[in-house]
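Q:
There are 2 protein chains.
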Amino acid sequence: MPEISKRGNRMPNSPIRKLVPLAEEAIRKGNVVYRLNIGQPDIPTSPNAIEAIRSLAAKVVEYGHSAGNESLRRKFAVFYKSIHIDLDYSDILITTGASEAITLTLLTCLNAGDEIIVPEPFYANYFSFATASDVVVIPVTSNIESGFALPPISEFEKKITPRTKAIIICNPNNPTGHVYSRKELEQLRDLVLKHDLFFISDEVYRELCYDGERFTSAMHIEGLEKNLILIDSVSKRYSATGLRVGLMASKNQALLQTALKFCQARLCPPNIGQIAAEAALDSPQEYLDMVYSEFLKRRNFIVKELNSMEGVFCPVPKGAFYTMVKLPVDDAEKFAMWMLQDFSYDNQTVMLAPGSGFYFNTDLGKQEVRVAYVLNIDDLRKAMECLKRGLLAYPGRLIPGATLAGVMNGKIL
Amino acid sequence: MPEISKRGNRMPNSPIRKLVPLAEEAIRKGNVVYRLNIGQPDIPTSPNAIEAIRSLAAKVVEYGHSAGNESLRRKFAVFYKSIHIDLDYSDILITTGASEAITLTLLTCLNAGDEIIVPEPFYANYFSFATASDVVVIPVTSNIESGFALPPISEFEKKITPRTKAIIICNPNNPTGHVYSRKELEQLRDLVLKHDLFFISDEVYRELCYDGERFTSAMHIEGLEKNLILIDSVSKRYSATGLRVGLMASKNQALLQTALKFCQARLCPPNIGQIAAEAALDSPQEYLDMVYSEFLKRRNFIVKELNSMEGVFCPVPKGAFYTMVKLPVDDAEKFAMWMLQDFSYDNQTVMLAPGSGFYFNTDLGKQEVRVAYVLNIDDLRKAMECLKRGLLAYPGRLIPGATLAGVMNGKIL
Chain A
1 MPEISKRGNR MPNSPIRKLV PLAEEAIRKG NVVYRLNIGQ PDIPTSPNAI EAIRSLAAKV
61 VEYGHSAGNE SLRRKFAVFY KSIHIDLDYS DILITTGASE AITLTLLTCL NAGDEIIVPE
121 PFYANYFSFA TASDVVVIPV TSNIESGFAL PPISEFEKKI TPRTKAIIIC NPNNPTGHVY
181 SRKELEQLRD LVLKHDLFFI SDEVYRELCY DGERFTSAMH IEGLEKNLIL IDSVSKRYSA
241 TGLRVGLMAS KNQALLQTAL KFCQARLCPP NIGQIAAEAA LDSPQEYLDM VYSEFLKRRN
301 FIVKELNSME GVFCPVPKGA FYTMVKLPVD DAEKFAMWML QDFSYDNQTV MLAPGSGFYF
361 NTDLGKQEVR VAYVLNIDDL RKAMECLKRG LLAYPGRLIP GATLAGVMNG KIL
Chain B
1001 MPEISKRGNR MPNSPIRKLV PLAEEAIRKG NVVYRLNIGQ PDIPTSPNAI EAIRSLAAKV
1061 VEYGHSAGNE SLRRKFAVFY KSIHIDLDYS DILITTGASE AITLTLLTCL NAGDEIIVPE
1121 PFYANYFSFA TASDVVVIPV TSNIESGFAL PPISEFEKKI TPRTKAIIIC NPNNPTGHVY
1181 SRKELEQLRD LVLKHDLFFI SDEVYRELCY DGERFTSAMH IEGLEKNLIL IDSVSKRYSA
1241 TGLRVGLMAS KNQALLQTAL KFCQARLCPP NIGQIAAEAA LDSPQEYLDM VYSEFLKRRN
1301 FIVKELNSME GVFCPVPKGA FYTMVKLPVD DAEKFAMWML QDFSYDNQTV MLAPGSGFYF
1361 NTDLGKQEVR VAYVLNIDDL RKAMECLKRG LLAYPGRLIP GATLAGVMNG KIL
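So the sequence lines, in the order shown, correspond to chains A and B. If you read the first sequence in my numbering, its first letter stands for residue 1, the second for the next number, and so on. If you read the second sequence in my numbering, its first letter stands for residue 1001, the second for the next number, and so on.
Set out below in structure tokens:
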């Protein structure tokens, strides 16, 4: 039998999805599983998108343009104008979710063996996309004790080598909730220009900033234009993850024309998704307001609940809909598996994403999990009750030391 | 400005799509463009698929399982049973079109620098997917004069090196229409087992075999099981290319589990497409019969028309809905561009896919084009009229020599 490829063997299991078989088994045993592992909100998809799908007029579901449907690209350009981002429709390539946008960006900008700097903890699939593209991830570590503040730029500077080709950030951040300030973005711009790097800015959670944090797009930063690739998606804003419609955008046409060749090879993005996405961009403001207030409410609830559990520490995320949480357990992955395999309370349990998968050095996340606050308050309440009881019952529980508790108390709400 | 990646620069423009801007311009000038360049049939999408889209019940268009929706995978397994292919649902991974299935297969089976043997002319995007994956394409050449008969196995054998890792075929073939016989598949099996290679069989045109040719799947060939990856799609069978739903299937679970890690990274295939695909698998026999008889009629029409043009040679394709055609022109790509930019008859013109993109050695296809007979007879008649007149008017026309014409006459209908 021929051997599997080395890159196939190197590919990590998704920390977000690897426990799916255990969750399926828990459900088969009659349990309700609260899925806090994945960014799949229970919020209804934009009614405009649903209506567009149900009203499909076409008799032939055809291939579209490889760059995406022109009408959708033009509508995105109008949307960006409304948030002071100057993009022509020809600066935009529609992709099969932000996932494909990142993969195509890596293939377009980096050769095999080139390095990309990523603040960690990072969206776990950045590591997967890099591995699939034979690109080397170089992490710059932030930590939970400081609320995942961005490390000083000097830490980034130290990681630069002749193979460094790009920096990628997620703003607002998945999994930490960090919202990048204009000052931080300008510092990164200076670094990027100094070393002639590409800058990839994943802004799919743009609308979700809390506590008066103001969102600044990398597209708002002067001087970055030719180095910058914006990543976006309709998945989160319109609660439409299953459509698989995202985009990459850049003012660097040479880059986009190269990316288009990769787009041509895969023919086109999903067409029904594009039709729905185009309608979603007309979603009423009340819908967007509802989405925002739901996530704010959920964040407030979950941060308070988590920090009330003995030995648990949850910094306050300022954006997106995730938070990294430190648990008083020997190994958060073992704990997450145990919650699905061995624990239930009132026939309910919780699915968490083990933190190690969000770090390059997996040991760093050994006591952490990522929680996606994507369920309604009622479900979140039940989930938190399960988690609290699970933590008390878990055989690998560490009794929290007084010092640690003290340090943590200084950071909580 | 940082440099575009080498693999980005190496990526070919799709011969199927590179002329799109010229076609758009021709349309802007008021012309009708008959698109024979791309496998986009004008046949209505399966009514079952359309109905499923219009009846969408879900309020939230969610992420699905990374392997694809279980209900769809199970339905595919039932479908395969009906054509004597023994696959469990767990042997199947749903992908974003066959395009993604091929990319994931290459990433799973081949390292950067590994070689894949492909009979040429080949589906042009095989070369693109290989380039994107840093895989080296090694062609085994067939030629139009012999009707693209499969070269002897000894020609494959000659191309094998220590880096050879796989063979890929398309059966029935895009672009040649060749249908692989059981004997040919058994010869390839012997070669694959002898050298411990993966065998990738792209069977998306399975239902379209003409003139009594009988389709044999690589899945029907004994002994190949652990080496074989089947590629499939709903695009062509149900005229639903825009859904972007395909699959890869294998009895080699280690291979599939590795491919699943790549699937997890991109989260899931398009969900509305999957719902539609599941319904399409229940399409009535009358629909499938209509599709078949339409393509048969179109093939018969187009082969006759093409061969009636002076200096044109079109072998009789035995399957799929393409044919490679030799034209009496200096350069078929220049001719295809000229047809869009400089020629029209009665405000109509024809878009063709230049043949060179279907060959590794692009010179081999310099006088050839691929014609997709995807339009109704009425449109095909108008398209052929345009082509005939275009060929007579084209400044780079070669007057066909008597010898060449004689050779060709021996092969035509």
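Just so you know, even glycine gets a beta-carbon here, dropped at the ideal spot from N, CA and C. For clarity, every value in this text was computed on a predicted model and none was experimentally measured.
For a contact meaning CB atoms closer than 7 Å, what does Lys1326 of chain B contact in chain A?
A: Here residue 1326 of chain B corresponds to residue number 326 of the second sequence, with the count starting at 1. Correct list: empty, because the minimum Cβ distance to chain A is about 25 Å.
Q: Just to confirm my understanding: we take Leu296 of chain A, look at its own chain, exclude 5 residues before and 5 after, and list those with CB closer than 7 Å. What are they?
A: By one-based count along the first sequence, residue 296 of chain A stands at place 296. Tyr210, listed in sequence order.
Q: Ser181 of chain A versus chain B: which residues are under 9 Å apart at the beta carbon?
A: The residue given as residue 181 of chain A occupies position 181 in the first sequence. Those do not exist, as Ser181 of chain A stays about 25 Å from chain B at its closest Cβ, beyond 9 Å.
Q: Could you check the C-alpha separation between Ile1085 of chain B and Met1324 of chain B for me, to the nearest Å?
A: The count along the second sequence starts at 1 and reaches residue 1085 of chain B at position 85. The count along the second sequence starts at 1 and reaches residue 1324 of chain B at position 324. Taking the straight line joining both Cα atoms gives about 30 Å.
Q: Thinking C-alpha only, which one of B:Val1329, B:Leu1106, B:Ile1221 and B:Ile1016 is nearest Gln1040 of chain B?
A: Taking the first residue of the second sequence as position 1, residue 1040 of chain B is located at position 40. Gln1040 of chain B has its Cα closest to that of B:Ile1016, out of B:Val1329, B:Leu1106, B:Ile1221 and B:Ile1016.
Q: Any chance the region 243-260 of chain A sits against the region 268-281 of chain A, with 3 or more Cβ pairs inside 8 Å?
A: Touching, per the Cβ criterion.
Q: Buried or exposed: Met1219 of chain B, going by 16 or more other Cβ atoms within 10 Å of its Cβ?
A: Here residue 1219 of chain B refers to the residue found at position 219 of the second sequence. Classification for Met1219 of chain B: buried.
Q: Mind the definition here: the region 1281-1288 of chain B touches the region 1249-1263 of chain B only if three or more C-beta pairs lie below 8 Å; say whether that holds.
A: Counting Cβ pairs under 8 Å, fewer than three are found: no touch.
Q: Would you say Lys1059 of chain B lies against chain A (beta-carbon separation less than 8 Å)?
A: Along the second sequence, one-based indexing puts residue 1059 of chain B at 59. Yes, Lys1059 of chain B counts as interfacial toward chain A.
Q: Out of B:Ala1372, B:Asn1347, B:Glu1333 and B:Thr1362, point me to the one whose CA is closest to Glu1394 of chain B's CA.
A: Along the second sequence, read from residue 1 onward, the residue named residue 1394 of chain B stands at position 394. Residue identity differs from the one stated: residue 1394 of chain B is Tyr in this sequence, not Glu. Minimum Cα distance to Tyr1394 of chain B is reached at B:Glu1333.
Q: Have a look at Val1140 of chain B and Lys1006 of chain B and give me their C-alpha separation to the nearest angstrom.
A: Here residue 1140 of chain B refers to the residue found at position 140 of the second sequence. Here residue 1006 of chain B refers to the residue found at position 6 of the second sequence. The alpha-carbon atoms of Val1140 of chain B and Lys1006 of chain B are separated by roughly 26 Å.
Q: Just how far apart, CA to CA, sit Ala1026 of chain B and Val1032 of chain B?
A: Here residue 1026 of chain B corresponds to residue number 26 of the second sequence, with the count starting at 1. Here residue 1032 of chain B corresponds to residue number 32 of the second sequence, with the count starting at 1. Taking the straight line joining both Cα atoms gives about 8 Å.
Q: Report the residue ranges of all beta strand (DSSP E) runs contained in full by the region 133-188 of chain A; include only those spanning at least 3 residues, in chain order.
A: Listed in chain order, they are 136-141 and 164-170.
Q: Buried or exposed, going by whether 16 or more other CB atoms sit within 10 Å of the CB of Gly1410 of chain B?
A: Start at 1 with the first residue of the second sequence, and residue 1410 of chain B comes out as number 410. Confidence at Gly1410 of chain B is low in this model, with a pLDDT of 31, below 50, so its placement is unreliable and the value that follows should be read with caution. That one is exposed.
Q: Given that Leu1243 of chain B touches chain A, what residues does it touch there, using C-beta distances under 9 Å?
A: Taking the first residue of the second sequence as position 1, residue 1243 of chain B is located at position 243. Residues of chain A passing the Cβ test: Val61, Pro270, Asn271 and Ile272.
Q: Span of the beta strand (DSSP E) holding Glu368 of chain A?
A: The residue you call residue 368 of chain A lines up with position 368 of the first sequence. Segment Glu368 to Ala372, the beta strand (DSSP E) holding Glu368 of chain A.
Q: For a contact meaning CB atoms closer than 8 Å, what does Asp134 of chain A contact in chain C?
A: Absence of chain C from the displayed structure is noted, the protein chains being A and B.
Q: Among A:Leu208, A:Asp196, A:Thr161 and A:Leu197, which one has its Cα closest to the Cα of Tyr180 of chain A?
A: Stepping through the first sequence from its first residue, residue 180 of chain A is reached at position 180. It is A:Leu208.
Q: Please state whether the Cβ-Cβ distance between Gly1223 of chain B and Leu1191 of chain B is less than 8 Å.
A: Residue 1223 of chain B sits at position 223 when you count from the first residue of the second sequence. Residue 1191 of chain B sits at position 191 when you count from the first residue of the second sequence. Their beta carbons are not under 8 Å apart, which means Gly1223 of chain B does not touch Leu1191 of chain B by this criterion.
Q: Roughly how many angstroms lie between the CA atoms of Glu1213 of chain B and Leu1281 of chain B, to the nearest whole one?
A: The count along the second sequence starts at 1 and reaches residue 1213 of chain B at position 213. The count along the second sequence starts at 1 and reaches residue 1281 of chain B at position 281. Distance between the alpha carbons of Glu1213 of chain B and Leu1281 of chain B: 24 Å.
Q: Who are the near neighbours of Thr403 of chain A in its chain, counting only those whose CB is closer than 8 Å to its CB and skipping five residues on each side?
A: Here residue 403 of chain A refers to the residue found at position 403 of the first sequence. Note on Thr403 of chain A: pLDDT 37, under 50, position unreliable in the model; no value is reported.
Q: Tell me the rounded alpha-carbon separation between Ile1231 of chain B and Phe1199 of chain B.
A: Position 231 of the second sequence, counted from the first residue, corresponds to residue 1231 of chain B. Position 199 of the second sequence, counted from the first residue, corresponds to residue 1199 of chain B. Each residue's Cα considered, the two are about 11 Å apart.
Q: Find the residues of chain B that neighbour Glu278 of chain A, judging by a C-beta separation of less than 8 Å, and give them in chain order.
A: Sequence index remark: in the first sequence, residue 278 of chain A carries index 278 (1-based). Within 8 Å Cβ-Cβ: nothing; Glu278 of chain A doesn't reach chain B, min ~14 Å.
Q: Mark Lys18 of chain A as exposed unless 16 or more other C-beta atoms lie within 10 angstroms of its C-beta, in which case mark it buried.
A: Here the question's residue 18 of chain A lines up with position 18 in the first sequence. Burial call: buried.
Q: Val1407 of chain B: buried (16+ other C-beta within 10 angstroms of its C-beta) or exposed?
A: Taking the second sequence and counting its residues from 1, one reaches residue 1407 of chain B at position 407. Because Val1407 of chain B sits at a pLDDT of 28, beneath the cut-off of 50, its placement in the model cannot be relied upon, and the following sentence gives the value as read from the coordinates. Exposed, because fewer than 16 other Cβ atoms sit within 10 Å of the Cβ of Val1407 of chain B.
Q: Indicate whether at least one CB of chain A lies closer than 8 Å to the CB of Gly1097 of chain B.
A: Here the question's residue 1097 of chain B lines up with position 97 in the second sequence. For Gly1097 of chain B, the answer is yes, since a Cβ of chain A falls inside 8 Å of its Cβ.
Q: In whole angstroms, what is the alpha-carbon distance linking Ser233 of chain A and Gly1311 of chain B?
A: On the first sequence, residue 233 of chain A is found 233 positions in, with the first residue counted as 1. On the second sequence, residue 1311 of chain B is found 311 positions in, with the first residue counted as 1. Those two C-alpha atoms are separated by around 51 Å.
Q: Considering Cα atoms alone, identify which of A:Val20, A:Ile43, A:Ile160 and A:Ser235 is closest to Ser99 of chain A.
A: Within the first sequence, the letter at position 99 stands for residue 99 of chain A. Taking only the C-alpha atoms, the option nearest Ser99 of chain A is A:Ser235.
Q: I want to verify the contact list: residues of chain B whose CB lies under 8 Å from the CB of Ala149 of chain A, in sequence order.
A: Here residue 149 of chain A refers to the residue found at position 149 when the first sequence is read from its first residue. Residues of chain B passing the Cβ test: none, with the nearest at roughly 28 Å.
Q: Please list the terminal residues of the continuous alpha helix (DSSP H) segment that includes Pro1317 of chain B.
A: Sequence index remark: in the second sequence, residue 1317 of chain B carries index 317 (1-based). First-last for Pro1317 of chain B: undefined, no H or E at that position.
Q: Using only the alpha-carbon positions, how far apart do Leu1391 of chain B and Phe1335 of chain B sit?
A: Taking the first residue of the second sequence as position 1, residue 1391 of chain B is located at position 391. Taking the first residue of the second sequence as position 1, residue 1335 of chain B is located at position 335. If you take the alpha carbons of Leu1391 of chain B and Phe1335 of chain B, they lie about 8 Å apart.
Q: To the nearest angstrom, how far is the alpha carbon of Gly319 of chain A from that of Gly177 of chain A?
A: For this step, residue 319 of chain A is matched to residue 319 along the first sequence. For this step, residue 177 of chain A is matched to residue 177 along the first sequence. Rounded to the nearest angstrom, the two C-alpha atoms are 5 Å apart.
Q: Taking all protein chains shown into account, do 16 or more other C-beta atoms lie within 10 angstroms of the C-beta of Glu368 of chain A, making it buried, or fewer, making it exposed?
A: As a working note, residue 368 of chain A is residue 368 in the first sequence. It counts as buried.
Q: Hey, how far is the Cα of Met1001 of chain B from the Cα of Asn227 of chain A?
A: On the second sequence, residue 1001 of chain B is found 1 positions in, with the first residue counted as 1. On the first sequence, residue 227 of chain A is found 227 positions in, with the first residue counted as 1. The straight-line gap from Cα to Cα measures roughly 6 Å.
Q: According to DSSP, Leu1230 of chain B sits in a beta bridge with which residue or residues?
A: For this step, residue 1230 of chain B is matched to residue 230 along the second sequence. B:Ser1201 and B:Ala1249.
Q: So, helix, strand or coil for Pro44 of chain A, using DSSP?
A: One-based indexing of the first sequence puts residue 44 of chain A at position 44. Here Pro44 of chain A sits in coil by DSSP.
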